[in-house]
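First comes the structure, then the notes that go with it.
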Amino acid sequence: MNKFVIAAWVAVLALWAIVILGGLFIEPQMLGHGVQGIAWVTINLAIFTLLVYVVVRLKEWIEQRTDHIAERSSGTADADAELGVLRNKVDALEQKVDRILTILEDVAE
């Protein structure tokens with residue numbers, strides 16, 4: 359996962375610890391307001407983490423599809439090259455057959 363997201367979660371967990379410890383030992387009124395504030399931050403961070411996860415997976419999927427398409431197009435380029443070679447061979451064979459036919463026609467006359 360993204361290092362930024364991990365660092366953000368560590369910071370939120372540290373804030374939770376500070377709010378809870380501060381509320382229990384220093385100022386009990388801080389606990390109510392602190393928990394509300396940090397809960398809001400935690401919810402937003404969870405949504406942000408989910409969005410980052412979806413975007414990263416989407417990016418990986420797009421890269422895989424692009425690689426797959428590139429492999430297919432390189433495969434068709436190889437097939438096109440082979441077809442070109444075969445066409446040249448067929449043309450050469452046609453020329454030889456035409457010469458043989460010409461010779462046979464001359465011999466027949």
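Counting from 1 along the sequence shown, just add 358 to a position and that's the residue number in this note's numbering.
Glycine included, every Cβ here is placed at the ideal spot set by N, Cα and C.
- Query: Is the Cβ-Cβ distance between valine 377 and threonine 400 less than 7 angstroms?
  - Reply: Residue numbering aside, residue 377 sits at position 19 when the sequence shown is read from its first letter. Residue numbering aside, residue 400 sits at position 42 when the sequence shown is read from its first letter. The answer is no: Cβ separation not under 7 angstroms.
- Task: Compute the Euclidean distance between the alpha carbons of leucine 444 and threonine 407, then round it to the nearest angstrom.
- Result: Residue numbering aside, residue 444 sits at position 86 when the sequence shown is read from its first letter. Residue numbering aside, residue 407 sits at position 49 when the sequence shown is read from its first letter. Their Cα atoms are separated by approximately 56 angstroms.
- Which class does glutamate 385 belong to by DSSP, given the choice of helix, strand or coil? Numbered from 1 along the sequence shown, position 27 holds the residue referred to as residue 385. Here glutamate 385 sits in coil by DSSP.
- Message: Is the separation between the beta-carbon of isoleucine 396 and that of tryptophan 374 shorter than 7 angstroms?
- Response: Taking the sequence shown and counting its residues from 1, the one referred to as residue 396 is at position 38. Taking the sequence shown and counting its residues from 1, the one referred to as residue 374 is at position 16. Cβ atoms of isoleucine 396 and tryptophan 374: closer than 7 angstroms.
- Query: Expressed to the nearest angstrom, what Euclidean distance is found between the alpha-carbon atoms of isoleucine 461 and asparagine 446?
  - Reply: Stepping through the sequence shown from its first residue, residue 461 is reached at position 103. Stepping through the sequence shown from its first residue, residue 446 is reached at position 88. So the two alpha carbons sit approximately 23 angstroms from each other.
- Task: Report, in whole angstroms, the separation of the C-beta atoms of alanine 366 and leucine 403, which I expect to be a contact under 8 angstroms.
- Result: As a first step, residue 366 is located in the sequence shown; it is residue number 8 there, counting from the start. As a first step, residue 403 is located in the sequence shown; it is residue number 45 there, counting from the start. Correct: roughly 6 angstroms between the Cβ atoms.
- Query: valine 410 and valine 363 look like a contact to me (Cβ under 8 angstroms); what is the Cβ gap, rounded to whole Å?
  - Reply: Looking up residue 410 in the sequence shown gives position 52. Looking up residue 363 in the sequence shown gives position 5. Valine 410 to valine 363, Cβ: 6 angstroms. Contact.
- Using DSSP with H/G/I as helix, E/B as strand and the rest coil, what is asparagine 360? Position 2 of the sequence shown, counted from the first residue, corresponds to residue 360. Of the three classes helix, strand and coil, the one that applies to asparagine 360 here is coil, per DSSP.
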